[in-house]
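In this note's numbering, the protein residues as written are 1361 to 1539.
Note that CB positions come from ideal geometry on N, CA and C, so glycine has one too.
A short write-up of the structure that comes next.
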């Protein structure tokens, strides 16, 4: 409860700090727009995650709508991964972040990149998942998960859903992959 109150207090403070020059009521009378917003959660004087966005529409009581979101995940006070995309939402009651549009997860600790059209992050459960075609890349190795992936914010154990792998029929295919 205390975390939720602190989160809502931070959101209200950020709304009040919006740049008035960039807000134009003529564009959409229902919008409550703030620019260069950061939303975060702390525990034991360490930030657990930071959600930044170029602009945020706070007009809904259920969701904040994000433009160019960047979710920075932390482990022991250090940056561990980043989730970026073109648009997103932060659902207040469910504490669920959705990031869409050419999304990418970059793990700083595991040297790993995961791409999909959409990722979800459950703040309370510390889980990240996708629900469609997802590509996991580490060095030159690539795995395609047609049903998505599920992992924790550390990205150390990734569950790959509906993976398909084509194995070579003979040694010659390994030597000449165009066959």
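> Which residues does DSSP pair with residue 1397 in a beta bridge?
Replying inline: Taking the first residue of the chain shown as 1, we reach residue 1397 at position 37. DSSP lists 1413 as partners of residue 1397.
> By Cβ distance, which residues of its chain are closer than 8 Å to residue 1430, with the 5 residues on each side in sequence left out?
Replying inline: Position 70 of the chain shown, counted from the first residue, corresponds to residue 1430. Contacts found: 1411, 1412, 1413, 1442, 1443 and 1444.
> Given a threshold of 16 other Cβ atoms within 10 Å of its Cβ, counted over all protein chains shown, does residue 1483 qualify as buried or as exposed?
Replying inline: Stepping through the chain shown from its first residue, residue 1483 is reached at position 123. The residue in question, residue 1483, is buried, as its Cβ has 16 or more Cβ neighbours within 10 Å.
>> Quick check: the Cα distance between residue 1453 and residue 1530, rounded to an integer number of angstroms?
In response: For this step, residue 1453 is matched to residue 93 along the chain shown. For this step, residue 1530 is matched to residue 170 along the chain shown. Those two C-alpha atoms are separated by around 55 Å.
>> For residue 1427 and residue 1394, I'd like the C-alpha separation in whole angstroms.
In response: Sequence index remark: in the chain shown, residue 1427 carries index 67 (1-based). Sequence index remark: in the chain shown, residue 1394 carries index 34 (1-based). Those two C-alpha atoms are separated by around 11 Å.
> How about residue 1458 and residue 1465: are their beta carbons less than 9 Å apart?
Replying inline: Position 98 of the chain shown holds residue 1458. Position 105 of the chain shown holds residue 1465. No.
>> Relative to the C-alpha of residue 1522, which candidate in 1500, 1495 and 1415 has its C-alpha closest?
In response: Reading the chain shown from its first residue, position 162 is the one you call residue 1522. Nearest option by C-alpha distance: 1495.
> With distances taken from CA atoms, which of 1408, 1409 and 1463 is nearest residue 1490?
Replying inline: By 1-based counting over the chain shown, the position of residue 1490 is 130. The candidate whose alpha carbon is nearest that of residue 1490 is 1463.
>> Given this structure, state the Cα-to-Cα distance separating residue 1432 from residue 1440, to the nearest angstrom.
In response: Within the chain shown, residue 1432 is the residue found at index 72, counting from 1. Within the chain shown, residue 1440 is the residue found at index 80, counting from 1. Roughly 8 Å separates the two Cα atoms.
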